[in-house]
Ligand SMILES: [Fe+2]
Ligand SMILES: [Fe+2]
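Residue numbers (this note's numbering): -7 to 331.
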């Protein structure tokens, strides 16, 4: 009997956009092929996903003090055995663990994807003949991201233990098309510039304040362990991004990379603003969620505003980018001022 082929996988439109040459953009780069519209992964750190599915119940009045008190009681194990709890407390704890399982499962996927993309970047660095130190750093970051995926999996296990008593975790299903960058431009240095700018300069830079905020109220042991490691590593990943960017700007194709970066930066910033701006409505989480390293969407947006003011703008100005290239940054900074 002939075997039936499974239907083709369709990637989530939320995670891809078409990156085409901008009309009127300066520079002389050309698309690397004239095939179907290329896809670009646009969620560099995987923290900005639609959160509406996570709302397992309407958020009650949020009391940070209450969360801290409960958080100190949050173990990585069956709650009924840890101490006596009344039914409402138990429900809140299970609800928090259920939300944590959803959120940390997504983080597992995002970390795994980061590992794959960074290893692809390392290969491009080799192809372009860039410094061995940069290649080694990219490979080190690949290893970091795999560790982040493993630590995040431990958090999912801990959450499952609470929600069902069974710490098993289903094997990871990731859209394979999202695990590699796509060649879109010639020369290769332009694709490197795009990947570096969006994933590392923008993505890993905002990751630092984001994870700092996420870690602040995290007391569940597995989640805290994961966030301690992730936060420490993201600083290194951010610095790698800006180092690589500088090296591209001063390299053989430096002038072209600079014009290209100035032309594509506004659309990258626009995508960030659209992703994070939409989270601003979520101002609170139910009790116990923060203990697992979760936080409301509003704080994601605030972290992005902070990163723009303290990192993106000064770093890009120091690299000599003109004000036209930074035009979208005002919108990101307003995420903080409109609080
Ligand atoms: Fe990571
Ligand atoms: Fe990272």
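In this text, a Cβ means the ideal position worked out from N, Cα and C, and glycines have one as well.
Hey, could you find the ends of the alpha helix (DSSP H) residue 268 is sitting in?
Its alpha helix (DSSP H) spans residues 246 to 269.
Go ahead and label residue 229 buried or exposed: buried means 16 or more other beta carbons lie within 10 angstroms of its beta carbon, across all protein chains shown.
Result: buried.
How would you label residue 119, buried or exposed, when you count the other beta carbons within 10 angstroms and need 16 or more for buried?
Exposed is the call here.
Classify residue 122 as buried or exposed, calling it buried when 16 or more other Cβ atoms lie within 10 Å of its own Cβ.
By the 10 Å Cβ count, residue 122 comes out buried.
At which residues does the alpha helix (DSSP H) containing residue 278 begin and terminate?
Unbroken run through residue 278: none, as it is neither H nor E.
Which residue's Cα is closest to the Cα of residue 326: 301, 183, 284?
Comparing Cα positions, the closest option is 301.
Does the segment 272 to 284 touch the segment 153 to 170, meaning 3 or more C-beta pairs lie closer than 8 Å?
With the cut-off at 8 Å, the segment 153 to 170 and the segment 272 to 284 do not touch.
Determine the direct distance from the alpha carbon of residue 205 to that of residue 271, and round the result to whole angstroms.
Whole-angstrom Cα-Cα distance: 15 Å.
Let me know the secondary structure DSSP gives residue 274 once reduced to three states.
Looking at residue 274 - three-state DSSP - the assignment turns out to be coil, as it is neither helix nor strand.
Within 10 angstroms of its Cβ, does residue 312 collect 16 or more other Cβ (buried), or is it exposed?
Exposed, since its Cβ has fewer than 16 Cβ neighbours within 10 Å.
Who are the near neighbours of residue 318 in its chain, counting only those whose CB is closer than 7 Å to its CB and skipping five residues on each side?
Excluding sequence neighbours, residue 318 sits near 305, 308.
Could you check the C-alpha separation between residue 223 and residue 200 for me, to the nearest Å?
The alpha-carbon atoms of residue 223 and residue 200 are separated by roughly 6 Å.
Three or more C-beta pairs closer than 8 Å, one from the segment 130 to 145 and one from the segment 94 to 107: is that the case here?
These segments touch.
Sort 91, 310, 292 by Cα distance to residue 198 and report the nearest one.
The candidate whose alpha carbon is nearest that of residue 198 is 292.
Nearer than 7 Å: is that true of the beta carbon of residue 222 relative to any heavy atom of ligand 1?
Correct: residue 222 has its Cβ closer than 7 Å to ligand 1.
Pull up the CB-CB distance for residue 281 and residue 151, whole angstroms please, since I reckon it's below 8 Å.
With 8 Å as the limit, residue 281 and residue 151 do not qualify as a contact, their Cβ atoms being about 11 Å apart.
What separation, rounded to the nearest whole angstrom, lies between the Cα atoms of residue 257 and residue 310?
One C-alpha to the other measures close to 15 Å.
Could you check what DSSP says for residue 325 in three-state terms: helix, strand or coil?
Three-state result, residue 325: helix.
Taking all protein chains shown into account, do 16 or more other C-beta atoms lie within 10 angstroms of the C-beta of residue 145, making it buried, or fewer, making it exposed?
Looking at its Cβ environment, which holds 16 or more other Cβ atoms inside 10 Å, residue 145 is buried.
Can you tell me the Cα-Cα spacing of residue 83 and residue 295, whole angstroms?
Spanning the two alpha carbons is a distance of roughly 31 Å.
Grab the span of the alpha helix (DSSP H) containing residue 184 for me, first residue to last.
Run containing residue 184: 180 to 187, per the alpha helix (DSSP H) assignment.
Could you pull out every unbroken alpha helix (DSSP H) segment of at least 4 residues lying fully inside the segment 109 to 180, listed in chain order?
DSSP runs (the alpha helix (DSSP H)) wholly in the segment 109 to 180: 124 to 156.
Please work out which residues of its chain come closer than 6 Å, Cβ to Cβ, to residue 262, disregarding the five sequence neighbours upstream and downstream, and give them in chain order.
The answer, listed in chain order, is 320.
Is residue 322 a contact residue of ligand 2, with contact defined as CB to any heavy atom under 7 Å?
No, the Cβ of residue 322 stays beyond 7 Å of every heavy atom of ligand 2.
Terminal residues of the continuous alpha helix (DSSP H) containing residue 289?
Where residue 289 is concerned, the enclosing alpha helix (DSSP H) stretches over 289 to 299.
With H, G and I counted as helix, E and B as strand and the rest as coil, what does DSSP make of residue 286?
The answer is coil: DSSP assigns residue 286 none of H, G, I, E or B.
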